[in-house]
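Contents: one structure, followed by commentary.
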Amino acid sequence: MLWSRPRLCAPLNRLLLQAQRYHVSRTKSCQNPLLPVLPELFDPNFLDQLIPRSSNVKEHVLDTPSPSNPMMDALSQFSHRTLTENSAPAYDSTLSPTLDAFQKLTHFSWGDSVGELLDRAWAEDPQLTLKIIWNLRSIHDGKSEKEGFYRAFGWLYDNHPRTAITNLHLLVEPVCGTGKAEQELTLSHGYWKDLLNILALETVGELSNISKRSRLLHCFPERKGKDRLGSENLDKHGIKVDLKPVVKAKRAAIGEANHALLEKKLQDPKFRALYIAVARLFADRLLTDWRFLLDSETTETTDARKALLRNISLASKWAPSLLGMHDRHTNIATAISRLVYHAKDAFPTFRFPAALENHPALESAEATDILRSFYRRWLLSPLRAASSVTETFMSANRWKEISYSRVSSVCMKNNKDRFFEHDPDGFQKYLISVEKGHRSISGATLLPHELLGELYGASTSVTNSASAKYPELHKHRAELAGIKIRVLEAQWKTLLENLRASGTLNNSIAVCDVSGSMGSIDFYNSKCVDPIFPAVSLSILFAQLAKAPFDRGFITFSANPQFIQLDPRLSLVQMAERVVSSEWGMNTDIRAVFTKLLLPLAIQNKVKQEDMIKRVFVFSDMQFDGTERAAGGWDTNYDVIERKFRVAGYEVPEIVYWNLGAFETVEVLKDRKGVALMSGFSPSMLKVFMGEEEVEAEAGKGEEAAVDGEVKVNVEKVKEEFNPLNVMKKALLRPSFDGLVVVD
């Protein structure tokens with residue numbers, strides 16, 4: 001027996017004694033759900049109490065001219081010269097700190113580099129820097145880079161906590177519109193889980209200045225080996241010993257350590273302010289949704305009831321579940337349940353637990369259990385049922401009750417094989433209806449490379465399986481792969497239609513870097529994405545969004561550029577295979593696209609300037625091959641391209657350099673006319689360039705302005721110069737970012 005072994009008994013007893021020192025809730029969990037007294041929790045002005053306003057905040061004046069000198073400007077440019085990995089002249093800065101932050105804060109930004117970029121950007125323009133941080137997260141108007149945003153938000157929280165906490169609500173409020181007019185604001189920059197992720201990351205010390213992926217978010221499995229605790233094990237004599245008590249004690253010790261850390265963190269006013277802000281945001285929205293639900297139960301007409309239920313948000317879906325990861329580390333469900341009970345007077349017809357009347361101190365163990373149980377039983381469960389949360393049906397094994405049209409984009413992508421396994425007939429019928437256009441499927445929030453990577457994997461998995469030895473297994477895998485492909489193809493179409501609502505891309509063409517430095521398309525790793533996947537997927541998407549006749553294909557380049565013609569009748573997999581079959585090499589010769597393909601063709605065919613391609617989008621890691629330079633010369637690839645076009649009598653097309661890699665070199669400086677700098681994997685950033693025909697037509701009309709109340713004059717709207725700085729501002733000055741405020 002375990003207890004007869006002195007060598008095991010002493011450490012086990014110590015762990016068990018530790019486990020007995022804290023309250024064990026009615027959930028029989030090792031989590032200690034208690035919270036200390038938080039008097040600011042019920043105070044709407046909690047932020048002023050915990051982080052008082054500073055009188056040192058200076059209002060920043062935009063576009064303040066600074067002294068300049070041509071020689072000093074030349075020296076500054078000279079000091080930022082660098083080389084790409086392939087020895088091409090480039091720069092390590094655009095000479096604009098805000099533009100550097102906008103361009104370089106990506107999926108690959110870690111550690112000190114995040115802080116350095118944001119420190120310099122904030123010194124130049126705090127308001128614009130705040131918008132850069134939110135643009136990093138924005139699913140619909142930005143880069144949709146979730147974890148990169150968390151790291152940037154961590155910097156904001158460390159250096160400007162009032163600003164960080166004040167703007168938290170703009171992660172979940174509907175401030176983004178759809179379509180060209182964007183009249184109906186129904187979409188948010190992030191989602192409710194962002195709030196919990198931020199709080200949990202700060203609790204465990206992984207929110208800011210981290211140099212590797214968060215252990216909390218990615219749940220790395222325990223290291224396998226002899227030291228891994230299991231429920232049963234063998235000692236050195238080969239005798240089986242029951243380690244269940246040890247495992248239980250270990251979990252209890254972890255729970256106690258989590259609680260001790262939380263109590264320590266809550267002593268910090270800044271953390272307490274963040275904690276209360278998250279709790280109040282959830283409580284306010286859950287109570288609002290609960291009101292809609294209760295009102296719907298007393299509504300007589302079906303239409304009125306449906307209208308009320310449609311107002312219920314997704315806050316309940318993402319609200320912290322008891323014993324869930326976020327609650328285990330933060331006990332945030334306890335704080336939310338206290339706030340819900342505190343608002344009981346707003347629901348006079350609803351009967352709250354009478355047992356709480358005997359517990360005036362809500363911090364007690366029994367009151368905490370009652371509050372948390374009430375929160376789960378009367379708030380989360382009914383609201384999730386009313387919202388038809390997919391995961392609720394999945395966990396209850398009620399697969400056939402799932403409304404597939406209401407399944408979110410990510411949930412559909414991640415669980416399509418499970419839907420087919422558990423409800424093959426129903427899921428097949430749903431897909432047929434989607435393909436006929438009778439029903440919809442979510443996909444607008446997915447990134448193109450995610451869909452392409454899974455599609456490519458699904459299409460190759462069947463060919464790699466052993467069909468001769470296990471024919472039934474091969475048949476099953478083929479059916480499953482077919483379902484996956486159909487789902488992903490449908491989601492791609494949804495993504496495409498959602499982007500088309502913002503306009504078209506006119507007189508433009510994509511250029512896709514397929515050189516060796518971009519990685520291999522033969523293997524997709526969602527945790528470490530090679531740039532080739534976003535390059536190919538964005539190029540295909542770009543061609544499908546382009547206005548005819550520019551929708552016929554795009555250009556690939558390595559050593560020799562090629563024009564890839566895309567048949568609109570082809571599936572996404574077939575289009576990707578068409579790209580894969582093109583010539584690939586180890587060179588990254590961007591000049592060849594312009595000086596060996598576009599310019600010679602224009603000269604040979606006597607193409608007029610007005611008929612030339614207006615804009616070229618280059619999707620690449622930006623590590624171009626070096627140019628032929630004279631001794632002491634310094635010409636970037638763009639300098640060479642521009643010069644050769646002008647010698648031939650043409651203006652070089654506008655070029656959008658879209659960085660998909662981890663390298664931080666830039667091709668041009670901030671004010672280079674005819675160039676834009678973009679980065680990231682999200683197609684939402686294409687909206688910056690979409691629908692420009694309508695904007696230009698509107699600008700040409702001008703507008704009437706009254707002078708002295710009598711005479712009306714026509715005021716022409718001046719079109720801003722196309723350069724990196726102006727394009728960045730166009731991306732950041734979207735209405736959805738207007739609510740962001742700097743307060744410290």
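Quick note on UniProt numbering: the sequence shown kicks off at 1 and runs consecutively.
Every residue gets a Cβ at the ideal spot worked out from N, C-alpha and C, and that includes glycine.
Local Cβ density within 10 Å of residue i, reported as buried at 16 or more and exposed below that
i: Val707; result: At Val707 the pLDDT is 47, less than 50, meaning the model places this residue with poor confidence and gives no usable figure here.
i: Tyr191; result: buried
i: Phe523; result: exposed
i: Asn738; result: Note that residue 738 is Asp in the sequence shown, not Asn. Flag for Asp738 reads exposed.
i: Gly649; result: exposed
i: Gln623; result: buried
i: Val727; result: buried
i: Thr166; result: buried
i: Ile655; result: buried
i: Asp289; result: buried
i: Lys224; result: Low confidence applies here, because Lys224 scores a pLDDT of 46, under 50, leaving its location unreliable and the question unanswered by this model.
i: Thr163; result: buried
i: Ala354; result: exposed
i: Ser66; result: exposed
i: Glu472; result: exposed
i: Ile133; result: buried
DSSP state of residue i mapped onto helix, strand, coil
i: Tyr91; result: strand
i: Gln267; result: coil
i: Ala559; result: coil
i: Ser606; result: The question names Ser, but residue 606 in the sequence shown is Lys. Note: Lys606 maps to coil in three-state DSSP.
i: Met622; result: coil
i: Asp242; result: strand
i: Asp611; result: helix
i: Trp658; result: strand
i: Phe427; result: helix
i: Val175; result: coil
i: Phe102; result: helix
i: Ser214; result: coil
i: Ala343; result: coil
i: Ala490; result: helix
i: Phe722; result: coil
i: Phe689; result: helix
i: Phe554; result: strand
i: Ile441; result: coil
i: Ile485; result: helix
i: Leu733; result: coil
i: Ile521; result: coil
i: Thr504; result: coil
i: Thr82; result: strand
i: residue 752; result: The structure shown has nothing for residue 752, since the chain only spans 1 to 744.
i: Phe617; result: strand
Residue i, enclosing alpha helix (DSSP H) - first and last residue
i: Ile402; result: Unbroken run through Ile402: none, as it is neither H nor E.
i: Met412; result: Ser409 to His422
i: Asp158; result: Lys146 to Asn159
i: Ala679; result: Rather than Ala, the amino acid found at residue 679 in this sequence is Ser. Taken as a continuous stretch (DSSP letters only), Ser679 belongs to no alpha helix (DSSP H), being part of the beta strand (DSSP E) at Val675 to Ser679.
i: Ser539; result: Ile532 to Leu545
i: Ser316; result: Ala315 to Trp318
i: Ala123; result: Gly111 to Glu124
i: Asp141; result: It is not in any alpha helix (DSSP H) - Asp141 carries neither H nor E in the DSSP assignment.
i: Asp303; result: Thr302 to Arg310
i: Met394; result: Thr390 to Ser395
Start-to-end residues for the beta strand (DSSP E) that takes in residue i
i: Met72; result: It is not in any beta strand (DSSP E) - Met72 instead sits in the alpha helix (DSSP H) that spans Pro70 to Ser79.
i: His185; result: The amino acid occupying residue 185 in the given sequence is Leu; His does not appear at that position. Run containing Leu185: Leu185 to Leu187, per the beta strand (DSSP E) assignment.
i: Ile641; result: Here Ile641 belongs to no beta strand (DSSP E); instead the alpha helix (DSSP H) covers Asn637 to Val647.
i: Ser373; result: Where Ser373 is concerned, there is no enclosing beta strand (DSSP E), although the alpha helix (DSSP H) it sits in stretches over Ala365 to Phe374.
i: Ala385; result: No beta strand (DSSP E) holds Ala385; the alpha helix (DSSP H) holding it covers Ser381 to Ala386.
i: Val511; result: Ser508 to Asp513
Assumed close pair residue i, residue j - CB separation to whole angstroms, cut-off 8 Å
i: Lys673; j: Asn723; result: 5 Å
i: Gly142; j: Ser682; result: 7 Å
i: Arg338; j: Leu362; result: 5 Å
i: Ser539; j: Arg615; result: Contact doesn't hold; Cβ gap of about 14 Å is too wide.
i: Met685; j: Ala731; result: 7 Å
i: Ser388; j: Ser403; result: 6 Å
i: Leu199; j: Tyr150; result: Contact flag wrong, Cβ pair sits at about 11 Å.
Below-8 Å beta-carbon distance, residue i vs any chain D residue
i: Ala304; result: This model lacks chain D altogether; it includes just one protein chain.
Check: residue i C-beta below 7 Å from any heavy atom of the ligand ZN
i: Val607; result: Because no ligand of any kind appears in the structure shown, any question about the ligand ZN cannot be addressed here.
Counting only runs of 3+ residues fully inside the segment 27-51, write out the beta strand (DSSP E) ranges in chain order.
none
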